[in-house]
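Reading through the structure tokens given below for one structure.
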Amino acid sequence: MNLTLSIMIGFGVAMDASAVAMANGMAERRARPRKALYIALVFGLFQGIMPVFGYYFGRAFSALIQDIAQYLSFLLLFLLGGRMLYQALTTEGAACSRRVGKETILLQGLATSIDALFVGLALAFVGAGIFRTALVIVIVTFILSFVSVYLGCFCGSVLEDKARALGGIILLALAARVLAKGFK
Numbered sequence: 078m079n080l081t082l083s084i085m086i087g088f089g090v091a092m093d094a095s096a097v098a099m100a101n102g103m104a105e106r107r108a109r110p111r112k113a114l115y116i117a118l119v120f121g122l123f124q125g126i127m128p129v130f131g132y133y134f135g136r137a138f139s140a141l142i143q144d145i146a147q148y149l150s151f152l153l154l155f156l157l158g159g160r161m162l163y164q165a166l167t168t169e170g171a172a173c174s175r176r177v178g179k180e181t182i183l184l185q186g187l188a189t190s191i192d193a194l195f196v197g198l199a200l201a202f203v204g205a206g207i208f209r210t211a212l213v214i215v216i217v218t219f220i221l222s223f224v225s226v227y228l229g230c231f232c233g234s235v236l237e238d239k240a241r242a243l244g245g246i247i248l249l250a251l252a253a254r255v256l257a258k259g260f261k
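The structure is reproduced here in structure tokens:
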């Protein structure tokens with residue numbers, strides 16, 4: 078898998094974490110750099126570890142479903158992207174004014190990384206490499222989450238759903254690319 082595609086995947090899976098980081102910034106309007114770094118590190122690590130788990134789980138079963146792997150990959154990416162886009166278009170990001178605790182951030186990191194688990198599964202089905210992609214996901218998620226905390230502090234709730242929608246669109250575009258490869 079080339080670096081450009083890895084970066085696109087990184088942006089796609091980082092959008093949920095970025096949206097949550099932004100909401101955390103909205104909730105805690107005076108977030109200190111230490112808090113923003115913690116949020117970014119937790120989200121980045123979860124987003125990077127989960128695709129590796131998904132990848133190896135997928136590899137264990139790839140021999141059984143090799144003939145339909147590309148279509149399963151398309152389906153997973155399509156469903157994830159569609160769900161993210163649907164959520165962005167139908168939910169309102171409500172920020173409450175409270176401090177966000179470390180335990181809450183850990184749970185948020187886990188919850189936002191479930192999509193990344195399925196991306197790893199999809200990558201296993203198409204036989205793509207995982208470690209460079211996982212590293213790119215960590216870096217992209219870390220940077221976006223750190224910046225998003227401060228965007229949330231300064232820009233309010235207007236951007237939260239736009240970030241989630243962008244992530245959904247990126248994953249849908251990747252799904253279309255996987256499907257198009259099947260017809261060549």
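Numbering (our numbering), first residue to last: 78 to 261.
By construction, the Cβ of each residue, glycine as well, lies at the ideal position given by its N, Cα and C atoms.
By the beta-carbon neighbour count (other beta carbons within 10 angstroms, threshold 16), Ile-145 is exposed. Of the candidates Gln-147, Thr-210, Ala-100, Leu-152, Ala-100 places its Cα closest to the Cα of Ser-225. Within the region 93-144, the runs of alpha helix (DSSP H) that reach at least 4 residues and sit entirely inside it are, in chain order, 110-138.
If you check the CB distance, Leu-256 and Phe-151 come in under 8 Å.
Sorting Gly-178, Arg-111, Gln-185, Leu-154 by C-alpha distance to the C-alpha of Leu-198 places Leu-154 at the top.
Between Val-97 and Gln-164, the beta carbon gap of about 12 Å keeps them out of contact (Cβ cut-off 8 Å).
Here Gln-124 is actually not in contact with Ser-83; their C-beta atoms are around 13 Å apart, not less than 8 Å. Here DSSP, grouped into helix, strand and coil, assigns Arg-254 to helix.
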